[in-house]
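Taking it in order: structure first as structure tokens, then the write-up.
In my numbering, the protein residues as written are 472 to 1136.
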């Protein structure tokens, strides 16, 4: 082109077309280059059929110069517009090229920032970025990696980038690439709120050397400011990252990567992947000396149970390894030392706690592996658990537990034949549960309830676990007050969630009222009762629905009721439950005879629909709760058939606690 310009006087050139087949550099290549100069208008159009940088290829690159000049020394192109594949890049370009030496200077103005590219005579390239806004950076990335830009467009990125990138060539044909980049006030956010970052400050450094077809590289990142939320993880500034590896064509190898993370003595990784399919790569992680008290709430809890993460606490240390292939876990190993875990309850904070824990958990896809954990003790709600051992065999998406005995007070909870498997909907499985007899005095003392005699035991041969639910076939039996309570159809949904829900059917037979009323300071009643509670529903351990009926047990036994018990039962029936003509008897006698008693409550929508003895309905709308018998005899009549459940419970609690007669208004 210099020869052509030397032969043709510049003033004689009105329009000039130039074509160059190829310009090739180890780092980039331009093919099918054409330049059209219009001397009269002072404009030019430079087009490139194909442009390559590294492994990235762009087609139909066109630079339209608003003001251009061509001379013996070179060409200039100012106020230029760039289009790639017909789409305009949101930047204004200035280009100066020395046609003799090849020295090229390109400046791209992107709003308040700019990118400056300088190619020296020896082929080295220097790129400088000055406060390039996120949108401008994406516009430049669009040229070489449109698929990457499409993947992050919805992030609504903000912030700016500054730094330098240098490319040099050695005499042996190798090359060196060095980069120092700084991102300031960076951030992003998605419409669904599941990914966001704010005021992020990061410094990146890359140093790569070419040897033949292979690049040997080192990289580091220092996250200095800001925070990010990548559902379900909340991340804060502080981590530092360094890595080294090789790049063979499109094949990327991370030979070693180290992360400095608070609470972890050492965290390292290796990885391999193709640049055009990073998600299909493999990665191996190793962690040593992880302080669970620090990393548990930040990393483990959000992944295990995001909805309950704020109620989880951890302690102790862990060492482990993780291997992934194409985004799927291939192996996990964890060794625990003095570890502990707790999940606080929703209401009172009791919940579940285990520890200290020592042992190993191991899982390898496609192989059988054994895990062994020794738990020194724990707590479930207000119950203290003794030491126990968990042995399990893991195979792909299934776990088979050995017989496990968990001491509870003076009894034990025994899990036998428990196996779990993970399907598309979550974990599910089956087994059996036995509760070896637990004394009621020890149990009621632990639960801070009035002291009761008897025992609790259970044989539940059909334990079924499904996502969010535990169902139990068989019966839980409590021997108490010289009778028994028999619970069947037990189902527990979301046992550790904020909306835990239990359902069951309960049958009680031959409950000694003398022991029961004495235990709860309700007054004195002698005799026995049977009770049936159908469709019991507890939400967060509070009743929300049931159909309950209490009746006198059949048989011949002494039936007496104290004045205080009469008043307390009468309160359940509402004002006027004791006829005025009978109230005078309360001032004369301490106890009364009765022939039968009965109470029916159907709870729905927070309201208890009341009734009394079967067949005891009265013409005045009342219902008989206690039918008098013997001398003196006294009836207790209920008139209020709709009673607010919470109000009723609060009133009875006050009666028992303060030993006063209740009053219904």
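Virtual Cβ for every residue (Gly too), placed ideally from N, Cα, C.
Keep in mind the model is a prediction, meaning the values are calculated, not measured.
Residue 978, DSSP secondary structure in three states:
As a position in the chain shown, residue 978 is number 507, starting the count at 1. Under the three-state reduction of DSSP, residue 978 is assigned to strand.
Residue 570: first and last residue of the uninterrupted alpha helix (DSSP H) it sits in
As a working mapping, residue 570 is identified with position 99 in the chain shown. Neither: residue 570 is in no alpha helix (DSSP H) and is coded neither H nor E.
Count the other CB atoms, across all protein chains shown, that sit within 10 Å of the CB of residue 1137; report buried if there are 16 or more and exposed otherwise.
The displayed coordinates of the chain run from 472 to 1136. Any statement about residue 1137 would go beyond what the structure contains.
By how many angstroms is the C-alpha of residue 888 removed from the C-alpha of residue 1085?
For this step, residue 1085 is matched to residue 614 along the chain shown. For this step, residue 888 is matched to residue 417 along the chain shown. Each residue's CA atom was taken as its position, placing residue 1085 and residue 888 some 46 Å apart.
What's the call for residue 486, buried or exposed, on a 16-neighbour Cβ count within 10 Å?
The sequence position of residue 486 within the chain shown is 15, counting from 1. Looking at its Cβ environment, which holds fewer than 16 other Cβ atoms inside 10 Å, residue 486 is exposed.
Bridge partners for residue 585 per DSSP, in chain order?
Position 114 of the chain shown, counting from 1, holds the residue named residue 585. Paired residue(s): 580, 601.
Taking all protein chains shown into account, do 16 or more other C-beta atoms lie within 10 angstroms of the C-beta of residue 749, making it buried, or fewer, making it exposed?
Residue numbering aside, residue 749 sits at position 278 when the chain shown is read from its first letter. Its Cβ having fewer than 16 others within 10 Å, residue 749 is exposed.
Unbroken beta strand (DSSP E) run spanning residue 845, endpoints:
Here residue 845 is taken as the residue at index 374 of the chain shown, counted from 1. Where residue 845 is concerned, the enclosing beta strand (DSSP E) stretches over 839-846.
Burial state of residue 860, where buried means 16 or more other Cβ atoms lie within 10 Å
Taking the first residue of the chain shown as position 1, residue 860 is located at position 389. Result: exposed.
Does the region 739-749 come close enough to the region 766-783 that 3 or more CB-CB pairs lie under 8 Å?
Three or more beta-carbon pairs separated by less than 8 Å are not found between the region 766-783 and the region 739-749, which leaves the two stretches without contact.
What does residue 541 pair with, by DSSP beta-bridge criteria?
One-based indexing of the chain shown puts residue 541 at position 70. Secondary-structure assignment with DSSP links residue 541 through a beta bridge to 546.
Residue 1102 in three-state terms, based on DSSP:
For the purposes of this step, residue 1102 is taken as the residue at position 631 of the chain shown. Coil at residue 1102, not helix or strand.
Quick check on residue 1050: buried or exposed, where buried means 16 or more other Cβ atoms within 10 Å of its Cβ?
Walking along the chain shown from the start, residue 1050 turns up at place 579. The predicted model places residue 1050 with a pLDDT of 45, which falls under 50 and marks its position as unreliable, so this point remains unresolved.
Could you pull out every residue in the same chain whose Cβ sits closer than 6 Å to the Cβ of residue 481, ignoring the five residues on either side in sequence?
Counting from one through the chain shown, the residue named residue 481 turns up at place 10. A caution first: residue 481 carries a pLDDT of 42, below 50, which makes its placement in the model too unreliable to give a value.
Where does residue 1051 sit, in a helix, a strand or coil, going by DSSP?
As a working note, residue 1051 is residue 580 in the chain shown. Note that residue 1051 scores a pLDDT of 40, beneath 50, so its modelled location is shaky and nothing firm can be said.
Residue 564 to residue 742, Cα distance in whole Å?
Stepping through the chain shown from its first residue, residue 564 is reached at position 93. Stepping through the chain shown from its first residue, residue 742 is reached at position 271. Annotation: residue 564 to residue 742 spans about 39 Å, alpha carbon to alpha carbon.
So, for residue 714: in the same chain, excluding its five sequence neighbours on each side, which residues have a beta-carbon less than 6 Å away from its beta-carbon?
Indexing the chain shown from 1 puts residue 714 at position 243. Cβ within range, chain order: 690, 725, 728.
Nonlocal neighbours in the same chain, by C-beta distance under 6 Å from residue 792, ignoring five residues either side
What you label residue 792 is simply residue 321 of the chain shown in a count that begins at 1. Annotation for residue 792: 757, 804 place their beta carbon closer than 6 Å to its own, counting only its chain and skipping 5 residues before and after.
Excluding sequence positions up to five away, which residues of its chain have a Cβ less than 6 Å from the Cβ of residue 702?
Stepping through the chain shown from its first residue, residue 702 is reached at position 231. 665, listed in sequence order.
What span of residues does the beta strand (DSSP E) with residue 772 cover, start to end?
Along the chain shown, read from residue 1 onward, the residue named residue 772 stands at position 301. Taken as a continuous stretch (DSSP letters only), residue 772 belongs to no beta strand (DSSP E), being part of the alpha helix (DSSP H) at 772-775.
Please list, in chain order, all residues of the same chain as residue 1071 whose beta carbon is under 6 Å from its beta carbon, the five residues on each side excluded.
Counting from one through the chain shown, the residue named residue 1071 turns up at place 600. Short of 6 Å from the beta carbon of residue 1071, and not among the five residues preceding or following it, lie these beta carbons of its own chain, in chain order: 1020, 1082.
Inside the region 876-922 only - beta strand (DSSP E) runs reaching at least 3 residues
You should have 882-894, 897-910.
Cα-Cα separation, residue 929 to residue 882:
If you number the chain shown from 1, residue 929 lands on position 458. If you number the chain shown from 1, residue 882 lands on position 411. Approximately 11 Å between the Cα atoms of the pair.
Cutoff 8 Å; reference residue 1116; Cβ partners in own chain excluding five residues on either side:
What you label residue 1116 is simply residue 645 of the chain shown in a count that begins at 1. Contacts found: 1014, 1074, 1077, 1078, 1079.
Counting only the same chain and skipping the five closest in sequence on each side, list residues whose C-beta sits under 7 Å from that of residue 507.
If you number the chain shown from 1, residue 507 lands on position 36. Cβ neighbours of residue 507 beyond the five flanking positions: 488, 515, 516.
Integer Cβ distance of residue 1006 from residue 1017, believed to fall under 8 Å:
As a first step, residue 1006 is located in the chain shown; it is residue number 535 there, counting from the start. As a first step, residue 1017 is located in the chain shown; it is residue number 546 there, counting from the start. Indeed, because the Cβ distance is near 6 Å, the residues count as touching under 8 Å.
Determine the DSSP secondary structure at residue 1118, reduced to helix, strand or coil.
By one-based count along the chain shown, residue 1118 stands at place 647. The three-state reading of DSSP puts residue 1118 in helix, counting H, G and I together.
In chain order, what residues of the same chain lie with their CB nearer than 8 Å to the CB of residue 880, ignoring the 5 residues before and after it?
Position 409 of the chain shown, counting from 1, holds the residue named residue 880. Scanning its chain for C-beta atoms nearer than 8 Å, with the 5 sequence neighbours on each side dropped, one finds around residue 880 the residues 854, 855, 909, 910, 913, 914, 917, in chain order.
Distance between residue 629 and residue 606 (C-alpha atoms, nearest Å)
Reading the chain shown from its first residue, position 135 is the one you call residue 606. Reading the chain shown from its first residue, position 158 is the one you call residue 629. Those two C-alpha atoms are separated by around 7 Å.
Less than 6 Å between C-beta atoms, sequence neighbours within five positions excluded: which residues of the same chain meet that for residue 598?
Locating residue 598 in the chain shown gives position 127, counting from the first residue. Annotation for residue 598: 588, 636 place their beta carbon closer than 6 Å to its own, counting only its chain and skipping 5 residues before and after.
Quick one: using the 10 Å Cβ neighbour count with 16 as the cut-off for buried, is residue 707 buried or exposed?
Residue mapping note: residue 707 aligns to position 236 of the chain shown, counting from 1. Counting the other CB atoms within 10 Å of its CB gives residue 707 a total below 16, which places it among the exposed residues.
Just list the alpha helix (DSSP H) runs in the region 713-790, keeping only unbroken ones of 4 residues or longer that don't cross its boundaries, in chain order.
Listed in chain order, the complete alpha helix (DSSP H) runs (minimum 4 residues) inside the region 713-790 are 763-766, 772-775.
Along the chain, where does the alpha helix (DSSP H) containing residue 985 start, and where does it finish?
The sequence position of residue 985 within the chain shown is 514, counting from 1. First-last of the alpha helix (DSSP H) with residue 985: 984-990.
How far does the beta strand (DSSP E) with residue 705 in it extend, from its first residue to its last?
Position 234 of the chain shown holds residue 705. Unbroken beta strand (DSSP E) run through residue 705: 704-707.
Quick one, which of 661, 633, 659 has its alpha-carbon nearest residue 651's?
For the purposes of this step, residue 651 is taken as residue 180 along the chain shown, with counting starting at 1. The shortest Cα separation from residue 651 among 661, 633, 659 belongs to 633.
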